[in-house]
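Remarks on the structure that follows.
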Amino acid sequence: MDPQAIELFRRWQRKTGKYPDLDIEKVEFEEVDFFNHPSITLLGPKKLANHDKLEHVNDPNGLPVYDASANILAFVEESKFPNEVFIGNEDNPDLSFANEGNSSAGTNFFFHNGKYFVNNHRTVIKFTDNTFFS
């Protein structure tokens, strides 16, 4: 494992107090061809309205719209874009991440275990079983 990743993990351990007995250097990792794994489906965003249009359909009681650079862009009523809703579940939550932008591409990872939207700057990974979750 990369020494910088080890140090970052150790700093996170100290800061959060989580997993104090875990020695990251003793963890054995299995190499996985993630994007060709049968338990994974990589999805681009569904064609949700652009930022300007979303401002006019914002509904505080709606589902969250995750943006590439902002954590949540807006809340939108499900009935306004019924074909664009993603549904994650607790056992196998979806994962989304920013897919474009100089400062945000490959960042802002979020797990989703309910209904949600993403804008056109995010990619969603659906897990079909709990291979990666226990």
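Numbering (my numbering), first residue to last: -4 to 129. No residue lacks a Cβ here, since even glycine has one placed at the ideal position from N, Cα and C.
Buried or exposed: which applies to N78, given that a residue is buried once 16 or more other Cβ atoms fall within 10 Å of its Cβ?
exposed
Segments of 3+ residues assigned as beta strand (DSSP E) that fall wholly inside the stretch 45 to 102:
53 to 61, 69 to 71 and 89 to 93
Where T126 falls: helix, strand or coil (DSSP):
coil
Please determine if the stretch 13 to 21 and the stretch 32 to 42 are in contact, where contact requires at least 3 C-beta pairs separated by less than 8 Å.
no
For H107 and G83, believed in contact at Cβ under 8 Å, the rounded distance:
4 Å
Could you tell me which of D89, V71, K48 and D47 sits nearest to N125, measuring between CA atoms?
D89
Just confirm the distance between the C-beta atoms of F24 and V60, as a whole number of angstroms; I'd bet it's less than 8 Å.
Their Cβ separation, rounded to whole angstroms, is 34 Å, which puts F24 and V60 out of contact at 8 Å.
Among F105, V27 and F70, whose alpha-carbon lies nearest the alpha-carbon of H51?
F70
According to DSSP, residues forming a beta bridge with F105:
S91
Can you pull the DSSP bridge partners for I120?
L37 and L90
Tell whether a beta-carbon distance below 8 Å holds between V80 and E72.
no
Limits of the beta strand (DSSP E) - the one that F24 falls within:
It is not in any beta strand (DSSP E) - F24 carries neither H nor E in the DSSP assignment.
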